[in-house]
Amino acid sequence: MDFELSEEQRAVRELCRDFAREVVAPAAEELDREHRFPVEIVRQMGEMGLFGLPFAEQWGGAGADFLSYCLAIEEISRADAGVGITLEAAVSLGAAPIHDFGTQEQKELLLPDLLAGRKLWAFGLTEPGAGSDAGATRTRAELNDGDWVINGSKQFITNSGTDISAGVTITAVTARRAGAMRGEISAVLVPAGTPGYSVQPAYRKLGWHSSDTHPLAFDDCRVPEASLLGRRGGGYQQFLKTLTGGRIAIAALSVGLAQACLDAALQYAKERSAFGRPISAFQAIQFKLADMAMEVELARWATYRAAVTYEKSQATTGEVQRLAAMAKLYASETSKRAADQAVQIHGGYGFIEDYPVARYWRDAKVNEIGEGTSEVQRMLIARELGC
Amino acid sequence: MKIVVTVKQVPDPNGAQALEPDNTIARDREVVLDPGDEYGIEEGLQLKEKHGGEVVLVSMGPEKARDAIRKGLSMGADRGILITDEQLAGADALLTARALAAAIKAEKPELVICATESYDGSTGMVPPMLAELLGVPQLTFAKQVEVDGQQVTVHRQTEEGYQVVEGSAPCLVTVTAGIAEPRYASLKGIMAARSKEVKVLKLGDLGIDRGQPAETVESIADADAREAGEIVEDDGSVGVDRIMAVLQSAKVL
Ligand SMILES: Cc1cc2nc3c(=O)[nH]c(=O)nc-3n(C[C@H](O)[C@H](O)[C@H](O)COP(=O)(O)OP(=O)(O)OC[C@H]3O[C@@H](n4cnc5c(N)ncnc54)[C@H](O)[C@@H]3O)c2cc1C
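So the protein sequences, as listed, match chains A and B. First residue of the first sequence: 1096, per the working numbering; consecutive thereafter. First residue of the second sequence: 549, per the working numbering; consecutive thereafter.
In C-alpha cells, the structure reads:
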C-alpha cells in the first residue's frame, strides 16, 4: 500500500491550490454577497483544462485520473464551495453521462465545448415530487412523429441557467409498464433554447451563492428521437453510475471546505486573545482543532480511497457504491461539524459576514443533502451490509 | 536562443516557517516552486515565444525538488536538470553557485535568468556568484528584458525609476516580480510535462567537490520589535500640522 500521490497528481493539486488562492478566494466574499455566478473564473478554469480533467484526450480532455479531478475539486472548494460545485456538477453530472453513455455524434457535438469549459451542461433528476425517491419521476417523454415530447418539471438543477448553459440531461418516464408501479425511465438531452423548455428564476439559497440553481419546466417540449442518451430504459443504471462518481466528488468538495474551516479557525485561534492568552492556548479550543484536523484527514483518505477504487472498477459494483456513500457521508458531515466549530472558535465574529467562516457554515449544510442525503447514504451502506 | 532559468523549491510561503537546530531552513514541510522563480520562467517562456529556442530549468535540491522543475515544465519549459546529492545538503550560497555553474556551463546557454533572490534564504548572492563563475556579464533587477541578436537590454529597477542597461549574450539576468505575470499551467501542460526530460546530476557528474563552507550561520535573533506609534487626538484643528511636523522630523519631506 502506498499513500503517496503521483507526481502528476501533486502537480494538479498545486496548480489548483495556486489558482484557488490567487483567483478564487479573493472573489469569494463578493460573489457570495451578490449571489453572482463567476463567468470569468469559469472561463479561466476552462482554459486551464479543469473541466476536461478526467476525460480522454480524444474529446479534448486532459486524460488525468479521477483522483486528480477530486484533488482539483478539493482545492477549488477550499476557496469557494460554490465554484467547487459548479465544476463538480459540470464534470460529474453534465459531461460524464454524455461521455459514458453518449453516441459518437452526441459526444462530437457536445463534449469539446463542455470539456473546455466554454459551455456547461446540467443534469436534471430531482423533481418536486421525486428527490431521494428518484424512481418516483413524473416527467414524461413520449415518442411522437420522430420526436420526444417532454412534459413535466425538474427542481434544484445546478448550472442550468448561466449565460453559458448549453442544455440539460433529464430523466423521464418513457413508457408505462403494465402492472408495474413505476414506469420505464430513460435519459434525454435537451438543448437550451428548445421551445417548450423554460428555465425558471434562480432560487434564493442558504449557501453556494456563487453557483447557479433553477427549477426547470417542460411544456410540450420536442427534441429529436436521437436525443435519447444511452439505452432506452437505462436511466436508472445510468444515474446510479453518475451519482456514484458525483458522490465521491461531493466528498472531495466537503474535504476542501472542511480544510478551509480548519485553516481559518487555527489562524484565528492563534491571533485572538482572551484572559491574557491566545485562545489557542486553551485546551478546550485545542481539542476542537485537534478533532477537526483528525476528521479532515480521515475524510480525505476515505475520499481518495473511493476515488481510486471508482477509477479502477469498470462496473458500479456494490463495493464502489459503498465506498462512495461512506466517503460522501463522512466528509459532508465532517464539513458541517468543522464549519460549526470554526464559527464557535470565532465567537461573535463567527456570526458576522466579515469573516469567511459564516459563509463556510452556510455552504456546508447542503453537502449533507445534494446527490443523496445523509439518510440515503446510510440506507445505501446498510443495504450493502445486507440489511 | 537557449535560455537557462534557475529554479528552487522552497517551503510554502503560505505555511509555517522554521529553522533546523543548525540554523538552516527546515524543509520537512509543504514545499513549492519559489514564487520568485515563476517570474523568471515566465520571462524565459516569453523570450522563447518571441525568438524561438529552448528553455531549460536547472535546480539544485533534494529529490523532491523535481516537483518544482515539473511545475515549470507544465508551464511550458522544455526540459530540466536536477542537481541532487546528499553532500549538497545545507549548501551555502557559494557551493550552490558552483554546482549550478558546473551544470549550466555544459549547456552553453545564451541567457541565464535568475530571480533576484530566493524566497527562503533571501541572500541574493547566488546570481552574482553564478555570473562570475560562468564568466559572463550580469544585468540585475530587470523589470523588462529585450533581446536583439546578441544584444540584451534590460530596464533595471531602481528606487527612483529605472536604468537602461545593455550587455551582450551570453549573459545572466536577474528579474524582479514586476517583469511579467506568470501564467498558470494548464492540465495539458501537466500531462505534457510527464514526457519531458529531467536529467539528474550528482556532484561527481559535475566534477566538483563539496569544499569548505564559505559561510555558516552562527546564531539568529529576532528583529527588534517596532516601537509603538504615537496616537494624536485630533479635534479637527491640529491634525495636518502634526502630520507635517512628524514627516519633517523623519526627514520624509
Ligand atoms: C443547491 C442544490 C443543488 C442541487 N443540484 C441538483 C442537480 O443539479 N440535479 C439534480 O437532479 N438535483 C439537484 N439537487 C437536488 C438534490 O439532489 C435533492 O435535494 C436531494 O437528493 C434530496 O431530495 P429532496 O430535496 O426531494 O428531499 P426528500 O427526498 O424529500 O427528503 C426529505 C428528507 O427525508 C429524508 N428521506 C427521504 N426518504 C427517506 C427514507 N427512505 N428514509 C429515511 N429518510 C428519508 C431525506 O433524507 C431528507 O432528510 C440539488 C439540491 C440543492 C439543494
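Note that beta-carbon positions come from the ideal geometry of N, C-alpha and C, so glycine has one too.
Around Phe1114/A, the beta-carbon contacts reaching into chain B at under 9 Å are Tyr732. Not one heavy atom of ligand 1 sits closer than 6 Å to the Cβ of Leu1348/A. The beta-carbon distance between Met1140/A and Leu1182/A, rounded to whole angstroms, is 7 Å. This is short enough to meet the 8 Å contact definition.
The beta carbon of Leu682/B is closer than 8 Å to those of Ala649, Ile652, Lys653, Val660, Pro718 and Leu720 in its chain, skipping five residues each way along the sequence. Judged by beta-carbon spacing, Ala1261/A lies within the 7 Å limit of Lys1214/A, meaning their Cβ atoms are closer than that value. Residue contact with chain B for Met1387/A: absent (no Cβ-Cβ distance below 7 Å to any residue of chain B). Lys598/B and Ile551/B have their C-alpha atoms spaced approximately 12 Å apart. Cβ neighbours of Leu1205/A within its own chain (closer than 6 Å, five residues either side excluded): Ile1193. With a cutoff of 7 Å on beta-carbon distance, Val1415/A and Thr1337/A are scored as not near each other. Residues of the same chain with a CB within less than 6 Å of the CB of Ser1427/A, apart from the 5 flanking positions on each side, are Ser1349, Asn1462 and Glu1463 in chain order. Here Met1143/A is buried, its C-beta having at least 16 other C-beta atoms within 10 Å. Assigned with DSSP and collapsed to three states, Asp770/B falls in coil, not helix or strand. Taking 7 Å as the threshold, the shortest C-beta distance from Gly1144/A to chain B falls below it. Taking Asp1228/A as reference, the option from Lys1365/A, Thr1266/A, Gln1436/A and Met1096/A with the minimal CA-CA separation is Thr1266/A.
Residue-level contact check: Leu1206/A does not touch chain B, since none of the beta carbons of chain B fall below 7 Å from its beta carbon. Here Pro1290/A carries a coil assignment [DSSP, helix/strand/coil]. In this structure, DSSP gives Gln1439/A a helical state, which the three-state scheme calls helix. Distance between Trp1216/A and Thr1308/A, taken at the CA atoms: about 12 Å.
Listed along chain A, the residues sitting closer than 8 Å to Asn562/B by beta-carbon distance are Arg1116. Its chain contains Val555, Ile589 and Leu605 as the residues whose beta carbon lies nearer than 6 Å to that of Gly620/B, once the 5 sequence neighbours on both sides are disregarded; these appear in chain order. The closest heavy atom of ligand 1 lies 6 Å or more from the beta carbon of Ile1168/A.
Remark: fewer than three beta-carbon pairs, one from each stretch, lie closer than 8 Å, so the segment 1311–1324 of chain A and the segment 1469–1482 of chain A are not flagged as touching. Among the residues of the segment 1177–1202 of chain A, none has a Cβ less than 8 Å away from any Cβ of chain B. Residue contact check for Met739/B against chain A: a CB pair falls below 7 Å. One Cα belongs to Glu658/B, the other to Gly672/B, and the distance between them is close to 22 Å. For the pair Val1268/A and Ala616/B, the Cα-to-Cα distance works out to about 53 Å. In this structure Ala1174/A touches Ala1115/A by the C-beta definition: roughly 4 Å separates them, less than 8 Å.
When DSSP states are grouped into helix, strand and coil, Asp696/B belongs to the strand group. Within 10 angstroms of the beta-carbon of Lys596/B lie 16 or more other beta-carbons, which makes it buried. Residue burial is scored here from C-beta neighbours: Phe1161/A has at least 16 other C-beta atoms within 10 angstroms and is therefore classed as buried. For the pair Lys1249/A and Ala1459/A, the Cα-to-Cα distance works out to about 24 Å. Straight-line measurement puts the Cα of Met1387/A at about 29 Å from the Cα of Arg1478/A. Proximity of the beta carbon of Gly1481/A to ligand 1 is not indicated: no heavy atom of the ligand is located closer than 6 Å. For Phe1251/A, the CB falls within less than 6 Å of some heavy atom of ligand 1.
Set against 6 Å, the gap from the CB of Gly1465/A to the closest heavy atom of ligand 1 is smaller.
Lys556/B has a beta carbon lying at 7 Å or more from every beta carbon in chain A.
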